[in-house]
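Numbered as in my numbering, the sequence shown ends at 362 without a single skipped number.
Built from N, CA and C at the ideal position, the CB exists for glycine as well.
It should be emphasised that the depicted structure is a prediction, and the values quoted were computed from it without experimental measurement.
Structure record follows, encoded as structure tokens.
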Amino acid sequence: MILVLVETDAEGVTLTSREALSFARTLRDSDLADHNLEAIVVGPLADPLRSLVLTHLGGQGVTVVHHADDERLSSYGAAAWAASVVEVATAGSARLVIASGTPRGNEVLAHVSTRLDILMAANVIGVDGTEPLIVSRQVMGGGVFEEMRLEGDVAALSVAGHALDAIPAAMPTEPEVRSFSPALTDADLLTRVVRTEAKEAGGTDALTSARVVVGAGRGAGSADGFGDLLELTDILGGALGVSRVVTSLGWRPHHEQVGQTGSRISPDLYVACGISGAIQHWAGCQSAKTILAINTDADAPMVTKAHYAVIGDLHEIVPAINEELKRRLA
């Protein structure tokens with residue numbers, strides 16, 4: 033069995049979990065054909081969310097869904113989630129336990145690897161062999177790639193977010209659902225989320241899920257220099273992302289930061305305006321399908337790495353783009 037821990041949101045299975053499922057399915061198809069692709073979902077699910085989740089999982093080719101359907105799991109707790117995963121992995125003799133490389137995914141897998149006494153690799157982007165298991169993973173914020181060898185019959189892997197595409201299975205399935213109530217101890221339930229608070233509108237999720245991102249760096253000039261950039265964002269129906277220096281100067285809130293210490297994005301289009309492209313920022317945007325850089329410096333790292341570049345002042349170029357887009361959309 034290849035077991036994938038699935039995270040959910042209001043729209044079903046999260047994008048990063050679907051990426052992890054695609055990674056697991058590709059691995060199964062190429063090197064581990066004798067293993068079933070199975071998923072575990074932790075916590076109660078009510079319709080229509082339950083139906084959405086099963087549709088997403090079937091679309092990824094999952095054959096069996098293990099549903100830890102227990103009211104005690106209504107709130108997230110790493111130990112309780114890990115206990116649920118371990119129960120399924122042990123009963124099914126899992127070869128690999130996989131999760132997305134989110135804070136939650138990495139935290140749960142850390143507990144799982146400790147309980148099962150197995151090795152764990154975080155932020156994996158590829159597998160170069162299974163006997164023994166050799167993986168490639170991102171380190172140093174994605175600026176360095178490391179090859180890691182994991183000995184043993186079982187291993188835990190988290191898949192780097194947005195490093196791989198979430199590709200649907202060629203042949204969707206109708207997965208079998210196996211609901212169970214995990215054997216949880218008081219210690220498993222000791223630490224859990226007791227309250228959640230609504231975040232500011234347009235937060236991190238909006239940025240990481242946007243298909244178009246308009247990026248802004250020091251070239252914006254000041255906290256008042258984002259008017260045209262926000263207009264472009266609105267015209268394109270995207271989200272605004274900024275470099276670390278912009279948040280450090282207090283020009284924009286931290287949840288808009290893209291990079292090693294911010295969000296990792298994977299849009300269809302990233303328009304990087306006035307951003308030099310330091311390695312820390314590149315770590316967060318390198319998965320963009322197409323990058324357009326607007327910068328006064330023709331030798332800036334972002335310009336040299338971009339698919340397309342316009343050399344000039346963003347405060348002259350962006351307003352011209354806005355006017356042309358509005359003319360064409362009129």
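It is roughly 9 Å from the alpha-carbon of residue 179 to the alpha-carbon of residue 159. Taking a 10 Å sphere around the C-beta of residue 52, we find 16 or more other C-beta atoms and assign the residue as buried. Pairing residue 121 with residue 129 gives a Cβ-Cβ distance under 7 Å.
At a Cβ-Cβ threshold of 7 Å, residue 148 and residue 165 do not count as neighbours. DSSP lists no beta-bridge partner residue for residue 126. For residue 350, the uninterrupted alpha helix (DSSP H) run begins and ends at 346-361, by DSSP.
Under the three-state reduction of DSSP, residue 142 is assigned to helix. Between residue 203 and residue 124, the C-beta gap is not smaller than 7 Å, which leaves the two residues out of contact. Within the same chain, and ignoring the five residues on either side of residue 351 in sequence, the residues whose Cβ sits closer than 7 Å to its Cβ are 260.
For residue 259, the enclosing alpha helix (DSSP H) has its first and last residue at 259-268.
Unbroken beta strand (DSSP E) stretches of 3 residues or longer found wholly inside the region 261-321: 271-274 and 301-305, given in chain order.
Within the same chain, Cβ atoms closer than 7 Å to the Cβ of residue 265 are found at 246, 271 and 272, the five residues on either side in sequence being excluded.
Taking a C-beta distance under 7 Å as the contact criterion, residue 139 and residue 110 qualify as a contact pair.
Where residue 194 is concerned, there is no enclosing alpha helix (DSSP H), because DSSP gives it neither an H nor an E.
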